[in-house]
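Participant: Quick one: structure below, then a few questions.
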Amino acid sequence: MDFKDSPEEATFREEVRAWLSQNVPTAQELDGLDYIGRAKLWQKRKYDAGWACIRWPEEHGGRGANAIQQVIWNQEEGKFDTPDSIFAIGHGMCAPTMMTWATEEQNKRYLPKLASGEEVWCQLFSEPAGGSDLAALRTRAEKDGDDWVINGQKIWTSGAHYSDYGVLVVRSDPTAPKHQGLTYFFIDMKSPGIEIKPIKQISGGANFNEVYFTDVRIPDAQRLGAVGQGWQVSLTTLMNERASIGGGGGGCNFDSVFDLATRVNLDDEPAIKDKNVRAQLATWYAQESGLKYTGYRSMTALSRGEIPGPENSIGKLVGAPKQQDMASFALDLMEASGAVWDPELSEAAGMFQLTYMSSPGLRIAGGTDEVMANIIAERVLGLPQDIRVDKGVPFNEIPTSNS
Amino acid sequence: MNFEFSEEQDMLREQALGFLTDHCPPSVVRKILDGDEPFDADLWQKVVDMGWTATVIPEEYEGLGLSYLELSVIAEELGRALAPLPFSSSVYLATEALLQAGSDAQKQEYLPKLAAGSSIGCFAFSEGGGQTTAKSLKTSAAGGKLSGTKLPVADGDVADFAVVLASADSGDGASAYLVDLSGGGVTRETVKTIDPSRSHARIVFDGADAALLGEEGQGWTLLENVFNRAAVLFAWEQVGGADTALNMAKEYAMGRFAFGRPIASFQAIKHKLANIYVKNTLARSNCYFGAWAISTEAPELPIAAATARVSAIQAYYYASKENVQTHGGMGFTWEFDCQFPYRRSKLLATNIGSEATWQDKLISAIEADRAA
Numbered sequence: 052m053d054f055k056d057s058p059e060e061a062t063f064r065e066e067v068r069a070w071l072s073q074n075v076p077t078a079q080e081l082d083g084l085d086y087i088g089r090a091k092l093w094q095k096r097k098y099d100a101g102w103a104c105i106r107w108p109e110e111h112g113g114r115g116a117n118a119i120q121q122v123i124w125n126q127e128e129g130k131f132d133t134p135d136s137i138f139a140i141g142h143g144m145c146a147p148t149m150m151t152w153a154t155e156e157q158n159k160r161y162l163p164k165l166a167s168g169e170e171v172w173c174q175l176f177s178e179p180a181g182g183s184d185l186a187a188l189r190t191r192a193e194k195d196g197d198d199w200v201i202n203g204q205k206i207w208t209s210g211a212h213y214s215d216y217g218v219l220v221v222r223s224d225p226t227a228p229k230h231q232g233l234t235y236f237f238i239d240m241k242s243p244g245i246e247i248k249p250i251k252q253i254s255g256g257a258n259f260n261e262v263y264f265t266d267v268r269i270p271d272a273q274r275l276g277a278v279g280q281g282w283q284v285s286l287t288t289l290m291n292e293r294a295s296i297g298g299g300g301g302g303c304n305f306d307s308v309f310d311l312a313t314r315v316n317l318d319d320e321p322a323i324k325d326k327n328v329r330a331q332l333a334t335w336y337a338q339e340s341g342l343k344y345t346g347y348r349s350m351t352a353l354s355r356g357e358i359p360g361p362e363n364s365i366g367k368l369v370g371a372p373k374q375q376d377m378a379s380f381a382l383d384l385m386e387a388s389g390a391v392w393d394p395e396l397s398e399a400a401g402m403f404q405l406t407y408m409s410s411p412g413l414r415i416a417g418g419t420d421e422v423m424a425n426i427i428a429e430r431v432l433g434l435p436q437d438i439r440v441d442k443g444v445p446f447n448e449i450p451t452s453n454s
Numbered sequence: 132m133n134f135e136f137s138e139e140q141d142m143l144r145e146q147a148l149g150f151l152t153d154h155c156p157p158s159v160v161r162k163i164l165d166g167d168e169p170f171d172a173d174l175w176q177k178v179v180d181m182g183w184t185a186t187v188i189p190e191e192y193e194g195l196g197l198s199y200l201e202l203s204v205i206a207e208e209l210g211r212a213l214a215p216l217p218f219s220s221s222v223y224l225a226t227e228a229l230l231q232a233g234s235d236a237q238k239q240e241y242l243p244k245l246a247a248g249s250s251i252g253c254f255a256f257s258e259g260g261g262q263t264t265a266k267s268l269k270t271s272a273a274g275g276k277l278s279g280t281k282l283p284v285a286d287g288d289v290a291d292f293a294v295v296l297a298s299a300d301s302g303d304g305a306s307a308y309l310v311d312l313s314g315g316g317v318t319r320e321t322v323k324t325i326d327p328s329r330s331h332a333r334i335v336f337d338g339a340d341a342a343l344l345g346e347e348g349q350g351w352t353l354l355e356n357v358f359n360r361a362a363v364l365f366a367w368e369q370v371g372g373a374d375t376a377l378n379m380a381k382e383y384a385m386g387r388f389a390f391g392r393p394i395a396s397f398q399a400i401k402h403k404l405a406n407i408y409v410k411n412t413l414a415r416s417n418c419y420f421g422a423w424a425i426s427t428e429a430p431e432l433p434i435a436a437a438t439a440r441v442s443a444i445q446a447y448y449y450a451s452k453e454n455v456q457t458h459g460g461m462g463f464t465w466e467f468d469c470q471f472p473y474r475r476s477k478l479l480a481t482n483i484g485s486e487a488t489w490q491d492k493l494i495s496a497i498e499a500d501r502a503a
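Line order of the protein sequences matches chains A and B. Going by this note's numbering, the first residue of the first sequence is number 52, and it counts up by one from there. Going by this note's numbering, the first residue of the second sequence is number 132, and it counts up by one from there.
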């Protein structure tokens, strides 16, 4: 056992490091740009040098790199202060779906511009009546000549307001059983009839949107998969969602709460002297360490050209609740000041309060804790699926919240 | 990145798993639990014949000279089988103490016998009534004679010799001694424990002959060094046992029907088993780090050992209690095997310092690392 790169990996890491150290945007270059402008500037620079979406084939704008090279790239890029990405969904979920289901001509047209950051993509899946039970979605698609006409509403769409394209799953046949009446498209987000409304979150931010469709027309050529095959196509997207959304290790973690416990007092001593504080912190350290070394085991599998085992599926289920609990604990450590959320007055400029208020979303986005536990139970442990009362029933006869 | 066991180590695991499946099924654990035998002597001899007691002992002392990665593999499988053996006392503790602090003469005397399994060692430090520290030690030694009471001593009733911690006026406040348990001035009796498949004793020393192990006043430092290594090996046993509990729960839930369906199809059960899997996986990955740290003599060992120990204690306890819960009333019966991991998880959790003790050690190790 060792943590060393193979000679090929070490060479690749050197190459990545050398390029990053010369090309990460400076503060002056980013000055005056908003987060979208900054993200696009950085993405274009990577693309022009052949460092964007490196696992994609070269003809689609990538580098044809292997999985371990992608990990090395991510590790090295993570060491630099680079603009936050707005492309995670486009690159991580929309692109793999296009590569699997779109025509070669479509991929030649869309993927390079997605890789370069020139065009941003979003994912239009969840609906007010279809969240964890995604296939319960009700937005309608009706065929009209060579077009489809879309009516309905999507929700929780990250980045819809700055996206150029989106992937969309809708109901084309309400008389078929739930999973069989769906069809999948990609859509121009500037199409007439699309209305986007931001959703204000409990954290005060507005990363998500409601997207309304009123007689929006999509050419049939933008259908991915057969009519009625939308669920299978959606699974391609969702499989990649779990691969692209990580455990959320930043912000409130062992290091930041440990440091806080050395600064605030408990019983007239630094809180870190307190046995209960130490015990709680030790448990979180062990969890973080467990996630880190689980990642190393997966990386070893990649390095050997193997597919990582199912152990990596635990990241989000462990990481999201941990962030929430650690933030809650940190606020408690501050006693009455824990309630103060003011960058001028709060410890760590209010990071703990921000994590407290935003972590409930982490436990829901990209599959709730409960959905993640079901996935582990069913796909890893091989336990039976839940019994479903809507199985085989025509969609328009399934009881709903309103009936 | 090569954070995995080698092919040879994986083959050793296959061999160990196959051997213990054949020779240490639950009926063997039950036989020791129900009977008067302190451990399974037949199984011990077979394990010795496999060379497991000789794993990390250098070849010059008639051992196999293998690494702690091999011993980790064996520990996990012994834990998975809940083997009723004095392996941890003799191999992770007594052998380690001699490897760490023994003079060449002491090594020559003890290690070949430990490797051959003809001598069983134990580690006598606890004096009952909560945490034992260098300061709290009442056992004392003077002029080569040792007196005091140790309780409990894992495998103290079956061991041939003990490494005993006694108070010292100098150094870290303790010295370690080697005491022959069949000699004069030693009385011992088996004590009842929550896990009768692993024997424990009270040992009363009354002027027993004792040979200093290591330097005077360096006993507690030796204990810490031995425990850091043992913590990783205990953690592997715990992770192996936690997997056994998960598999028992899973198999039962798949076969047990209620309300017309397997109980494994209810989310209350699915989420419980998923949570066990998550905790076991985190603990196993920490054990990897611990195994790496011992096998490379890494300075990270105190952190790695405490991390593995804390997460393995938590994982095994959770898996073993929720396995009983998944079985419902049947899990609470003597007839079912759910009791084995439930008993063993708490025994291993308390044997070389509890969860709270190791949580504190972990934060202390992190503080020391940051101060350096």
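From the three backbone atoms N, C-alpha and C, an ideal C-beta is built for every residue, glycine too.
For D56/A, decide whether its Cβ has a neighbour in chain B, counting only Cβ atoms nearer than 9 Å.
Facilitator: Closer than 9 Å: yes.
Participant: Between A290/B, G261/B, T324/B and E355/B, which lies nearest to A305/B when the distance is taken from Cα to Cα?
Facilitator: Nearest option by C-alpha distance: E355/B.
Participant: On the premise that G210/B lies in contact with V370/B, defined as a C-beta separation below 8 Å, what is that separation, rounded to the nearest angstrom?
Facilitator: Yes, V370/B and G210/B are in contact; Cβ-Cβ is about 7 Å, under 8 Å.
Participant: Listing by chain order, which chain B residues have their CB less than 7 Å from the CB of Q375/A?
Facilitator: Correct list: empty, because the minimum Cβ distance to chain B is about 16 Å.
Participant: Anything in the region 425 to 449 of chain A with a Cβ closer than 9 Å to a Cβ of chain B? List those residues in chain order, please.
Facilitator: Within the region 425 to 449 of chain A, the residues whose Cβ lies closer than 9 Å to some Cβ of chain B are N425, I426, I427, A428, E429, V431, L432, G433, L434, P435, Q436, D437 and I438, listed in chain order.
Participant: Thinking just about the alpha-carbon of each residue, which of D173/B, F336/B, L202/B and R501/B is nearest to the one in P430/B?
Facilitator: Comparing Cα positions, the closest option is R501/B.
Participant: Could you tell me whether the Cβ atoms of P107/A and A146/A are closer together than 9 Å?
Facilitator: Reading the sequence as shown, one finds Trp at residue 107/A and not Pro. Taking 9 Å as the Cβ cut-off, W107/A and A146/A qualify as a contacting pair.
Participant: Identify each residue in the region 321 to 334 of chain A for which the Cβ-Cβ distance to at least one residue of chain B is less than 9 Å, and report them in chain order.
Facilitator: Listed by position, the residues of the region 321 to 334 of chain A near chain B (Cβ gap below 9 Å) are I323, K326, V328, R329, A330, Q331, L332, A333 and T334.
Participant: Measure the C-alpha to C-alpha separation of S250/B and S313/B and round it to an integer number of angstroms.
Facilitator: Distance between the alpha carbons of S250/B and S313/B: 12 Å.
Participant: Could you run through the region 146 to 163 of chain A and flag, in chain order, every residue whose CB is less than 7 Å away from some CB of chain B?
Facilitator: Residues: none.
Participant: Check whether chain A comes within 9 Å of Q456/B, counting only Cβ atoms and requiring the distance to be less than that.
Facilitator: Not one chain A Cβ lies under 9 Å of Q456/B.
Participant: So which residues on chain B does R348/A lean against when the C-beta distance must stay under 8 Å?
Facilitator: In chain order: F134, E135, S416 and Y419.
Participant: Strictly under 9 Å for the Cβ-Cβ distance: is E398/A near chain B by that measure?
Facilitator: So no, E398/A is outside the interface.
Participant: May I ask which residues mark the beginning and end of the beta strand (DSSP E) holding F236/A?
Facilitator: Segment L233 to D239, the beta strand (DSSP E) holding F236/A.
Participant: For chain A, is any of its Cβ atoms less than 9 Å away from the one on N482/B?
Facilitator: It does not: the Cβ of N482/B has no partner Cβ on chain A nearer than 9 Å.
Participant: On the criterion of 16 or more Cβ atoms from any shown chain inside 10 Å, does V317/B qualify as buried, or is it exposed?
Facilitator: With 16 or more other Cβ atoms within 10 Å, it is buried.
Participant: From Q157/A, T190/A, K229/A and K97/A, pick the residue whose C-alpha is nearest to that of G443/A; which is it?
Facilitator: Comparing Cα positions, the closest option is K229/A.
Participant: Is the region 258 to 269 of chain B in contact with the region 284 to 292 of chain B, if contact means three or more CB pairs nearer than 8 Å?
Facilitator: As far as the Cβ criterion goes, the region 258 to 269 of chain B does not touch the region 284 to 292 of chain B, which means the pair count is below three.
Participant: Given 8 Å as the limit, tell me if N327/A has its C-beta closer than that to any heavy atom belonging to the ligand SAH.
Facilitator: With respect to the ligand SAH, the structure offers nothing, as it holds no ligand at all.
Participant: At the level of alpha carbons, what is the spacing between P243/B and S364/A?
Facilitator: Cα to Cα, the separation comes out at about 46 Å.
Participant: With the cut-off set at 9 Å, would you say S442/B and R475/B are in Cβ contact?
Facilitator: For S442/B and R475/B, no; Cβs fall outside 9 Å.
Participant: Could you name the residues of the region 391 to 402 of chain B whose beta carbon sits closer than 7 Å to any beta carbon of chain A, in the order they occur along the chain?
Facilitator: Listed by position along the chain: R392, P393, A395, S396, Q398, K401 and H402.
Participant: Is the beta carbon of L353/A less than 9 Å from the beta carbon of A118/A?
Facilitator: In this structure, A118/A lies closer than 9 Å to L353/A by Cβ.
Participant: Can you list, in chain order, the residues of its chain with a C-beta nearer than 8 Å to that of N258/A? Leave out the 5 residues immediately preceding and following it.
Facilitator: Within the same chain, N258/A has close Cβ partners S209, G210 and Q252.
Participant: Report the CB separation of L245/B from S219/B in whole angstroms; it is logged as a contact under 8 Å.
Facilitator: Contact flag wrong, Cβ pair sits at about 13 Å.
Participant: Taking 9 Å as the threshold (beta carbon to beta carbon), is A361/B in contact with chain A?
Facilitator: No, its Cβ sits nowhere closer than 9 Å to a Cβ of chain A.
Participant: Quick check on K205/A: does DSSP put it in helix, strand or coil?
Facilitator: Strand at K205/A.
Participant: At 8 Å on the CB atoms, spell out the chain B contacts of T351/A, in chain order.
Facilitator: Those are M132, N133, F134 and E135, listed as they occur along chain B.
Participant: If the cut is a Cβ gap below 7 Å, which residues of chain B does D53/A touch?
Facilitator: Those within 7 Å of D53/A in chain B are N133.
Participant: Starting from R338/A, find everything on chain B with Cβ-Cβ shorter than 7 Å and list it in chain order.
Facilitator: Note that residue 338/A is Gln in the sequence shown here, rather than Arg. Chain B residues near Q338/A: L413.
Participant: Where does F110/B land, buried or exposed, given buried means 16+ other C-beta within 10 angstroms?
Facilitator: The shown model of chain B, from 132 to 503, leaves out residue 110/B, and the question about it has no answer.
Participant: Thinking C-alpha only, which one of V218/A, I123/A, P225/A and I105/A is nearest A153/A?
Facilitator: Nearest option by C-alpha distance: V218/A.
Participant: Quick one: Cα of D459/A to Cα of R415/B, how far?
Facilitator: Because chain A spans 52 through 454 in this model, residue 459/A falls outside it and cannot be assessed.
Participant: Between the region 427 to 443 of chain A and the region 394 to 414 of chain B, do three or more beta carbon pairs fall short of 8 Å?
Facilitator: As far as the Cβ criterion goes, the region 427 to 443 of chain A touches the region 394 to 414 of chain B, which means the pair count is three or higher.
Participant: Alpha carbon to alpha carbon, how far is E155/A from V75/A?
Facilitator: Cα to Cα, the separation comes out at about 33 Å.
Participant: Look up E476/A in the DSSP assignment and give the residues it is bridged to.
Facilitator: In the structure as shown, chain A begins at 52 and stops at 454. Residue 476/A is therefore absent and cannot be evaluated.
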